[in-house]
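Count along the sequence shown starting at 1, add 9, and that's the number in this note's numbering. For every residue, glycine included, the Cβ atom is placed at its ideal position computed from N, Cα and C.
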Amino acid sequence: MLDFTPVRNKTLTYSDLCRDLTKADLHRLTDEMIDTMLAIIADAKDEDVDFVPIDPAANDTFGIPEEKDLAWTLGHVIVHATASSEESAALALTLARGLPVEGRSRYEVPWRTVHTVAQLHQRLEESRRMRHAMLDAWPDEPHLDTTYTPYPSVGPINAVARFVFGLSHDDSHLGQLREIMRQAHAEQSAAHATH
Numbered sequence: 010m011l012d013f014t015p016v017r018n019k020t021l022t023y024s025d026l027c028r029d030l031t032k033a034d035l036h037r038l039t040d041e042m043i044d045t046m047l048a049i050i051a052d053a054k055d056e057d058v059d060f061v062p063i064d065p066a067a068n069d070t071f072g073i074p075e076e077k078d079l080a081w082t083l084g085h086v087i088v089h090a091t092a093s094s095e096e097s098a099a100l101a102l103t104l105a106r107g108l109p110v111e112g113r114s115r116y117e118v119p120w121r122t123v124h125t126v127a128q129l130h131q132r133l134e135e136s137r138r139m140r141h142a143m144l145d146a147w148p149d150e151p152h153l154d155t156t157y158t159p160y161p162s163v164g165p166i167n168a169v170a171r172f173v174f175g176l177s178h179d180d181s182h183l184g185q186l187r188e189i190m191r192q193a194h195a196e197q198s199a200a201h202a203t204h
């Protein structure tokens, strides 16, 4: 997997991180990320999917106001992360085709509809398939000179960097997934100890 630490510390740009990556690398990195998420939730039970962790840092500035400070469940994190990476893959496809990016390309499965481990697995595998399909739709000679600037702090990025931007977002949620699983297991252990 890519190490995003230098990018987050602003000692490396996304463009520099992605300079030598190929489409084959993006396929491999996609599989590594999905496999990592699946490994994190490997021993999850259905009750873990709706488990609400303690998260004093919860601050969803993009969500609805009444859910701004709501701690995210496993289901919420998975549907959010996969939606963001799929958006990055879609925008990367647009750039690879030599077209300008205009607006967002995002759909997120409503997190309140996700209650089972099977749904988490289905969502992750569906996201894997969708990301691979969008990479497969790139032209044989992608327009890697076509760029746009999603955020001033990021600078101009091309199709490869846009795709990797989604993987970086996934990566930023891995610790959150691990912490939710840790808290869910701790609560289950405590419940079993009292019975």
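According to the DSSP secondary-structure assignment, residue 189 is paired through a beta bridge with no residue. Proximity to residue 158 across 111, 16, 13, 56 peaks at 111, based on C-alpha coordinates. In the DSSP assignment, residue 23 falls within the unbroken alpha helix (DSSP H) covering 23 to 27.
In the displayed model, residue 63 falls within coil according to three-state DSSP, outside both helix and strand. Per the C-alpha coordinates, the member of 79, 183, 62, 141 positioned closest to residue 195 is 62.
Secondary structure at residue 87: helix, using DSSP grouped into helix, strand and coil. As the crow flies, the alpha-carbon of residue 123 is around 34 Å from that of residue 30. Of the residues 87, 180, 191, 163, the one whose Cα lies closest to the Cα of residue 25 is 163.
With respect to the 7 Å criterion, residue 59 and residue 82 are classified as neighbours on the basis of their beta carbons. Note on residue 84: 16 or more other CB atoms within 10 angstroms of its CB, so buried under the neighbour-count rule. The DSSP-derived three-state label of residue 50 is coil. No residue range can be given for residue 113, since it is assigned to no alpha helix (DSSP H) and is classified by DSSP as neither H nor E. Excluding sequence positions up to five before and after residue 46, its CB lies within less than 8 Å of the CB of 87, 90, 133, 179, 183, 186, all in the same chain and listed in chain order. Residue 92 places its beta carbon less than 7 Å from that of residue 117. Around the beta-carbon of residue 171, 16 or more other beta-carbon atoms lie within 10 Å, marking it buried. By the CB criterion at 7 Å, residue 143 and residue 199 fall outside the cutoff.
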